[in-house]
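Asker:
In this note's numbering, the protein residues as written are 54 to 870.
#1: What does the alpha-carbon distance come out to for the pair residue 402 and residue 455?
#2: I'd like the ranges of any alpha helix (DSSP H) spanning at least 4 consecutive residues and lying wholly in the segment 103–151.
#3: Label residue 77 either buried or exposed according to how many other C-beta atoms from any shown protein chain fall within 10 Å of its C-beta, with 16 as the threshold for buried.
#4: If distances are taken between C-alpha atoms only, which option among 201, 246, 202 and 239 comes closest to residue 222?
#5: Return the residue from the list 608, 226 and 396 that minimises the CA-CA distance to residue 648.
#6: What does a CB cutoff of less than 8 Å around residue 183 pick up in its chain, not counting 5 residues either side in sequence?
#7: List the DSSP bridge partners of residue 296.
#8: Does the segment 352–371 come close enough to the segment 404–415 to have 3 or more Cβ pairs within less than 8 Å?
#9: Can you tell me the Cβ-Cβ gap for residue 196 and residue 288, rounded? I've got them flagged as a contact below 8 Å.
#10: Quick check: the segment 296–304 against the segment 379–388, are at least 3 beta-carbon pairs closer than 8 Å?
#11: Taking all protein chains shown into account, do 16 or more other C-beta atoms lie within 10 angstroms of the C-beta of residue 200, making it buried, or fewer, making it exposed?
#12: May I ask which residues mark the beginning and end of the alpha helix (DSSP H) holding residue 339?
#13: Where are the beta strand (DSSP E) runs, 3 residues long or more, that stay fully inside the segment 153–191, in chain order?
#14: Using a Cβ-Cβ cutoff of less than 6 Å, which residues in the same chain neighbour residue 326 once the five nearest sequence positions on both sides are dropped?
#15: At a cut-off of 8 Å, would you count residue 566 as near the ligand SAM, judging by its Cβ distance to the nearest heavy atom?
#16: Taking a contact to mean a Cβ-Cβ separation below 9 Å, would you say residue 587 touches residue 558 in this structure?
#17: Using three-state DSSP, classify residue 222 as helix, strand or coil.
#18: Classify residue 101 as helix, strand or coil using the three-state DSSP reduction.
#19: Would you report the Cα separation of residue 660 and residue 644, rounded to the nearest angstrom?
#20: Enumerate in chain order the residues of its own chain whose CB-to-CB distance from residue 115 is below 8 Å, with the five nearest sequence positions on each side excluded.
#21: Report the rounded CA-to-CA distance for residue 546 versus residue 700, giving the unit in angstroms.
#22: Looking at residue 185 and residue 271, is the spacing between their C-beta atoms short of 9 Å?
#23: Would DSSP call residue 755 helix, strand or coil?
#24: Do three or more CB pairs link the segment 224–241 to the segment 312–320 at distances below 8 Å?
#25: Give the C-beta separation of residue 495 and residue 458 to the nearest angstrom, bearing in mind that I take them to be a contact with Cβ-Cβ under 8 Å.
#26: How long is the line joining the alpha carbons of residue 862 and residue 697, rounded to whole angstroms?
#27: For residue 99, which of 555, 139 and 584 has the nearest alpha-carbon?
#28: Decide if the segment 528–535 is in contact with the segment 587–607; the criterion is three or more beta carbon pairs, one per stretch, under 8 Å apart.
#29: Quick check: the segment 137–155 against the segment 433–441, are there 3 or more CB pairs under 8 Å?
#30: Classify residue 267: buried if its beta carbon has 16 or more other beta carbons within 10 angstroms, exposed otherwise.
#31: Applying the 10 Å Cβ sphere with the 16-neighbour rule, what's the burial state of residue 677?
#32: By a C-beta neighbour count over all protein chains shown, 10 Å radius and 16 as the cutoff for buried, is residue 461 buried or exposed?
#33: Could you spell out where the beta strand (DSSP E) holding residue 526 opens and where it closes?
#34: Identify whether residue 469 lies in helix, strand or coil by the three-state DSSP scheme.
#35: Exposed or buried, residue 481, counting other C-beta atoms within 10 Å across all chains shown (16 or more means buried)?
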């Protein structure tokens, strides 16, 4: 299928559109104006607001300003009208010398968009300068033998204007002998020459006065004149002749002052004064005369001041050679100034931010700056760089403008301030560089929660502490700054033993010091778990939690507590039974004690402090068991009294004592008999009737005891517990049956015995317990003894003189384990 004939046409049309778009884009970036020189300050140049696509009022709002580099600002912005105006009188000749085109470049910055627009203003020349010969008169010496047609160079006029406003031609006043001929040089300069029209006669006219007029092409026309005095001389038919029509020399701009750069040479074949040659600058401009000096005798050209390639890179010097009579020869010296790398790059920051948030995204603009090097070629090529270890990058924009951008995320906690060194280096030999320092502070945000020094905390506090005592200090650190780093502490709400945790401890919200609000008791509270929260003051605040374990240390503040034998409540004394037939090591009873403290403070030891018969009994140091240390003898007393001390291992140790009464007898009747004998012996005045009464009571008690045993055996089938005997007012009280007592999870084993009999005598009210020994250690539950109705048998006995009367014999409870 053949291609459509419209396709090439469409392709060309698309290309033309793209080209026009590119040209329009370029025009959008480059703005051009033209303005005549010598305008008054504030004269209108162009509508910069319109060309930027802005309203005049937007110039100030969007930070539009001129950022051009230069010695003086030639233009300014009128923010009210949106126009570009002149900042002062502009002299094109001073600004651009004789350049055919004079263009001033400046840059306009849109600060809000960080965008640069280039503006070129062409300075249009006006005819503000008249041609000038530099001298009001000039003398020309002419040999009288000159033939017609001889030409004599005339001084040229200089007009600093350009184009049509510059020098256009010369006129000579009318005379018979001379005419004017203007030659156009290869360099475009018009050279006036005086042409001899007819032979001269010195004797007729020794001097001819001429007027040479130079005029330009301006409107109106400006002109300048000089008087030419032609003096006739004797014949000098040879003019000086330079060895070269043009001299070329190249010198570096840093050549020392006073150095000779060139020697011009002209010769004259005449003799005498007609052959003596002197040298002069033909057109002496101020700038040339300030920089160069010509020795009129030798023709040496030397440097008077430092050369500057950046000021001018080329000088055109016209040289004349005069002989004695005044004949002249012309030559040119072309001096080329070579650039050397004598200018370091210049960096001008046009836009800069001093602070940036640490959350700023990569690509955020920090600074806009311009670099310039007054040198040329490679000496003027500048590259910019920053250290590689910084999170920033440089981006080249319009012309020699660079932008400093963020390259990666910033973290104020790592680096809070950057001192960025921008190094501008040219490519000269050796290279020159300039450093510009930019300070940038990173603004903090609350992006770090407080951090505790430890993952968890433990604290130890001895019990019985003073209220308000300091326990420990918890510290959290926040790497943020100011309010974001100010940390406050608090305790999480909780309940301990049905009381709020805040009633036990508190924490200082500013310092993190933990205080106790009460005196702790190890036996009630041994440890507690706390949750401490640290919050910063940012918006929003960030928090961190840490667990705290508070352990209460035990103090030895509890004395041992004796559980068995228990202290009677009626003031009577408990009695333990030890048969006379007991062998050494026989277990009489066991002292059971506990200590509410813990650890070493609760380790108990048992000691026998006092015994009515030393050496008869021994107490187990760690068990509290009271055993016979030897066999019982007939001479041993019926009633033995022991004082047992229970002591803990605290510092200082605490202790408790208990007094044990041990009855030595093989059976209960023996005990009663022994007690009766003791009573009778203690009252020798008693009658035999009392003895009979005691025997009768003992017999009746034995019979009654057997009946009670049978009765209890029958009732124990239904009942599973028994109760202890309770003493009536003024009577004998039985010991309570032993049971489990729980202290710190340890159950103390108590030993019980088969029978308990209470006997009360009116005279002494002594309380005796006669248990049968039980050689098996057993456990008793709390249900093993229930309330039992007591069986009472009362027998009235007559009192005899000095004899005690027995009022009541009761058997209350039988406990068996």
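All residues carry an ideal CB built from backbone N, CA and C; glycine is no exception.
Answerer: In terms of the structure at hand:
#1: Translated into positions along the chain shown, residue 402 becomes position 349. Translated into positions along the chain shown, residue 455 becomes position 402. If you take the alpha carbons of residue 402 and residue 455, they lie about 9 Å apart.
#2: Taking only runs of at least 4 residues, the alpha helix (DSSP H) segments lying wholly in the segment 103–151 are 109–114 and 145–149.
#3: Locating residue 77 in the chain shown gives position 24, where the first residue counts as 1. Unreliable positioning characterises residue 77 in this predicted model, as indicated by a pLDDT of 39, which lies under 50. A coordinate reading is not provided.
#4: Along the chain shown, one-based indexing puts residue 222 at 169. Nearest of 201, 246, 202 and 239 to residue 222, Cα basis: 246.
#5: Within the chain shown, numbered from 1, the residue matching residue 648 stands at position 595. For the residues 608, 226 and 396, the minimum Cα distance to residue 648 belongs to 608.
#6: As a first step, residue 183 is located in the chain shown; it is residue number 130 there, counting from the start. The answer, listed in chain order, is 212, 269, 275, 276 and 277.
#7: As a working note, residue 296 is residue 243 in the chain shown. Under the DSSP definition of a beta bridge, residue 296 lacks any partner.
#8: Taking 8 Å as the limit for Cβ pairs, the verdict is that the segment 404–415 does not touch the segment 352–371.
#9: Counting from one through the chain shown, the residue named residue 196 turns up at place 143. Counting from one through the chain shown, the residue named residue 288 turns up at place 235. 5 Å between Cβ atoms; contact.
#10: Flag = yes, the segment 379–388 and the segment 296–304 touch.
#11: Indexing the chain shown from 1 puts residue 200 at position 147. Burial call: exposed.
#12: As a working note, residue 339 is residue 286 in the chain shown. Looking at the DSSP string, the run of the alpha helix (DSSP H) that includes residue 339 is 339–344.
#13: The qualifying runs are 156–163 and 168–177.
#14: Here residue 326 is taken as the residue at index 273 of the chain shown, counted from 1. Close CB contacts of residue 326 within its chain, under the 6 Å cut and outside five residues either way in sequence, are with 377 (chain order).
#15: Absence of the ligand SAM is noted for the structure shown, with no ligands found whatsoever.
#16: Counted from its first residue, the chain shown places residue 587 at position 534. Counted from its first residue, the chain shown places residue 558 at position 505. In this structure, residue 558 does not lie closer than 9 Å to residue 587 by Cβ.
#17: Within the chain shown, numbered from 1, the residue matching residue 222 stands at position 169. Shown here, residue 222 sits in a strand according to DSSP, grouped into three states.
#18: Stepping through the chain shown from its first residue, residue 101 is reached at position 48. In the three-state reduction of the DSSP assignment, residue 101 falls in the helix class.
#19: Against the chain shown, residue 660 aligns to sequence position 607. Against the chain shown, residue 644 aligns to sequence position 591. C-alpha separation (whole angstroms): 11 Å.
#20: Locating residue 115 in the chain shown gives position 62, counting from the first residue. Within the same chain, residue 115 has close Cβ partners 107, 163, 164, 165 and 166.
#21: Counted from its first residue, the chain shown places residue 546 at position 493. Counted from its first residue, the chain shown places residue 700 at position 647. Approximately 42 Å, taken between the alpha carbons.
#22: As a working note, residue 271 is residue 218 in the chain shown. As a working note, residue 185 is residue 132 in the chain shown. For residue 271 and residue 185, no; Cβs fall outside 9 Å.
#23: Locating residue 755 in the chain shown gives position 702, counting from the first residue. Helix at residue 755.
#24: At 8 Å Cβ cutoff, the stretches do not touch.
#25: The residue you call residue 495 lines up with position 442 of the chain shown. The residue you call residue 458 lines up with position 405 of the chain shown. Actually they do not touch by this definition, with Cβ atoms about 15 Å apart.
#26: For this step, residue 862 is matched to residue 809 along the chain shown. For this step, residue 697 is matched to residue 644 along the chain shown. Because the pLDDT at residue 862 is just 28, under 50, the model does not fix this residue reliably, and the value given afterwards should be weighed accordingly. So the alpha carbons of these two residues sit roughly 31 Å apart.
#27: In the chain shown, counting from the first residue as 1, residue 99 sits at position 46. Measuring C-alpha to C-alpha distances from residue 99 to each of 555, 139 and 584 identifies 139 as the nearest.
#28: Touching, per the Cβ criterion.
#29: Taking a cut-off of 8 Å for Cβ pairs, the segment 137–155 and the segment 433–441 do not touch, as fewer than three such pairs fall below it.
#30: Within the chain shown, numbered from 1, the residue matching residue 267 stands at position 214. Taking a 10 Å sphere around the C-beta of residue 267, we find 16 or more other C-beta atoms and assign the residue as buried.
#31: Taking the chain shown and counting its residues from 1, one reaches residue 677 at position 624. Buried.
#32: One-based indexing of the chain shown puts residue 461 at position 408. With fewer than 16 Cβ atoms within 10 Å of its Cβ, residue 461 is classed as exposed.
#33: As a position in the chain shown, residue 526 is number 473, starting the count at 1. Element bounds for residue 526: 523–526.
#34: The residue labelled residue 469 in the question sits at position 416 within the chain shown. Residue 469 falls in the coil class under three-state DSSP.
#35: Numbered from its first residue, the chain shown carries residue 481 at position 428. Buried, by the Cβ-count rule.
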